[in-house]
Structure formats: structure tokens, C-alpha cells
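Scroll down for the structure; my scribbles are underneath it.
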Amino acid sequence: MTLETGQSNGTTEYSSQRSEPPKWTVDSVLKTLTHPPPTTPTTSPLPFMHMLTRLKSTKREGWRRFKISYGESISDHMYRMSIITLLAPPALRSRLDIGRCTRMALVHDMAELLVGDITPVDGVSKPEKMRRELETMEFLCNGGPSSGGLLSQVPGTGGEEIMALFQEYEDDKTAEAHFVHDVDKLELILQMLEYEQLEEGKIDLGEFTHVAKRIVTPEVKAWTEDILEERRKLWEETVGRVPKGLPWKDWSEEELKKELKEETQKTLAGLKEYYGDLPKENGEKVNRA
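Per the UniProt record's numbering, residue 1 is the first one in the sequence shown, and the count goes up by one each step.
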């Protein structure tokens, strides 16, 4: 049986009989594009601008497991994150470079325009995910191991700044990076609630609530508590019960994960139903959408 090409994460066709699929590379994804960028660097930023459209068209995968076909794109997620950073209260602004936080939020998932939105259920290891993302960012900004860096010959320091912001987020050592990581989790929880509102209690996305336990910035914690309280009221009023993931403040993250394990298994069964009974090899998923 031959698997279909998964354009969102750059998989190529291979037989399920083979022991190993082709190694993921930037070039392997570029070959699948209808309009790939030029193979040699140019002083024009237009090829880079064109590549950014993939952030607008690539969906965030976690929601698709719940049959949310109208789900947000990667750029949707990053845009709201960037606006949220601008809402930092005065006490937080005094401790951070908010402008840098906003720019970091705008670029932190940029590598997903070629890598795709890899989720824990995809079976791709963290080191492999990081390798793919770094290779993509090097291609976009510096040149890297692939043919031509889209911003490497463009006048100015835009490519260098984008790469530095991406690396700072990945290293997660600065106060600004900590804040943006927390906003990333907050935006996920906010979107979770909004999808539950749209579905009027027909889906329970509580498996995502465990990320709230990782938020360290007090101001972001307070926002998160407000969101989860709004969620509790929504479920009590529309469904008549407390949703999964509550009372989250009284539990550790591990306790939350344990409580949600059974529901997560149901979710994985739904994923199999959605994508079909197709094998996964070396973490490469098959995108039928």
C-alpha cells in the first residue's frame, strides 16, 4: 500500500513495506511545492514573503483530532499571541522588553511553514522536531544546509533578527522568552474555551488544560484562572456538569494528565477514525485533509 504525500509536514510517498521512510529535509518539502522559492539567494524579500502564506494556510493540528475542520491556522495563533503581549500590565512591562516579546511571538512558530504543526501524538521525537525546525529557520534566514537562504542576501538585518528571536524562544532562558512561552499556553487555553463555546458543549477539550500548570508568570496565571473559571461556568450552564480538567488549581500537572488519560485514549481512537487505518513509520504522519 502506498501512502499519500502529507504536504503540511513534507512527507514523501513511500511503501509501508519499507523499513525506513526518507529522512525529512527542507529540500524534500520544497520539491512538493507547486511554486517553490528560487534555488539561489536573491536581494528581493518577495520569495520569503510568499513562503509566509503557508503559515496562513497550515492548520494547527491538535484541534483536527476533534473534527474541528474550521480550526485556526498557525498565523492565527501567533497573531493573537503578539497582541496579548501588548496587553501586559504595567508591573510586567517594567520587567520586560515588551516590543521584543511581541516580535518573538510573531516568529516563534515560523518553522512550521515547512515542518508543519507536529503534535505529541505524531510520534516525532523532540530532538528530531528541533532538527527540522532549526534546518527550516536556517534555510529561511541564513542559508543553512539547504540550497539558498531566502533572507541571506536581502539588505538589512531582518534575517538575523528573526533567527535570534526564534533561538531565544527555543532556549527559553530570558524573562522575555518565559513570558512568551506562557502566552503560548494561555492562547491555547483561550482557543480551547472558544471552540467549546462554538460547539455548545458537544466536545470537551479538557485534555489541553494541563498546560496551565506550566505557566510561571503571575500575571499570565491570573488571566488563565479567569479563562478556566469562565469555562467552568459555561459547562455548568450549558451541559450541567463540570468539564474535564477541573478543579485544575488543586492538582499537579501529573494528576491532571492521569485524570485525562482515559479521555485522551478516546481522542486517539477518533484520530484513527479521522485519518484512516494508515501506519506511521518513523514519526511521519499521513495528512488526508
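Glycine residues also receive a C-beta, built at the ideal position from the N, C-alpha and C atoms.
If you're wondering where the values come from, they're calculated on a predicted model, not measured in any experiment.
Contact belief for residue i with residue j at Cβ below 8 Å, rounded distance in angstroms
i: V216; j: T136; result: Not a contact, Cβ separation roughly 28 Å.
i: E219; j: L92; result: 5 Å
i: L193; j: E230; result: 6 Å
i: I84; j: V183; result: 5 Å
i: T58; j: I68; result: Not quite, the Cβ-Cβ distance comes to about 15 Å (not below 8 Å), so this is no contact.
i: G159; j: S152; result: 6 Å
i: K244; j: G206; result: 3 Å
i: G62; j: T119; result: 5 Å
i: A105; j: S82; result: 4 Å
Limits of the alpha helix (DSSP H) - the one that residue i falls within
i: M78; result: I74 to T85
i: D27; result: V26 to L30
i: I98; result: I98 to V107
i: I118; result: That residue, I118, is in no alpha helix (DSSP H); it is neither H nor E in DSSP.
i: M51; result: L46 to M51
i: T136; result: K126 to M137
i: A222; result: P218 to T238
i: residue 331; result: Since the first residue shown for the chain is 1 and the last is 289, residue 331 is missing from the structure and cannot be characterised.
Residue burial classification, residue i (beta-carbon count within 10 angstroms, cutoff 16)
i: Y169; result: buried
i: G156; result: exposed
i: V242; result: exposed
i: I189; result: buried
i: A88; result: buried
i: R103; result: buried
i: T209; result: buried
i: E196; result: buried
i: C141; result: buried
i: A111; result: buried
i: T40; result: exposed
i: M78; result: buried
i: A212; result: buried
i: T34; result: exposed
Where residue i sits in the DSSP three-state scheme
i: K202; result: coil
i: K67; result: coil
i: K59; result: strand
i: D122; result: helix
i: S146; result: With a pLDDT of 47 at S146, under the threshold of 50, the predicted position of this residue should be treated as unreliable, though the coordinate-derived value follows. Correct three-state label for S146: coil.
i: F166; result: helix
i: M192; result: helix
i: H35; result: coil
i: D182; result: helix
i: D172; result: coil
i: A111; result: coil
i: Q197; result: helix
Top-ranked residue by Cα proximity to residue i, from the options
i: I162; options: V107, W223, K221 and R214; result: V107
i: G116; options: D97, W223, R132 and F179; result: R132
i: G149; options: T119, L30, I83 and W24; result: L30
i: R65; options: S125, D204 and L87; result: D204
i: P37; options: D97, L52 and C101; result: L52
i: V154; options: D122, E196, S44 and L33; result: S44
i: D109; options: Y195, L55 and F179; result: L55
i: I98; options: E225, F179 and P120; result: F179
i: M130; options: V121, S94, Q167 and R100; result: Q167
i: L114; options: S94, K173 and H50; result: H50
i: C101; options: V121, E138, D172 and T32; result: D172
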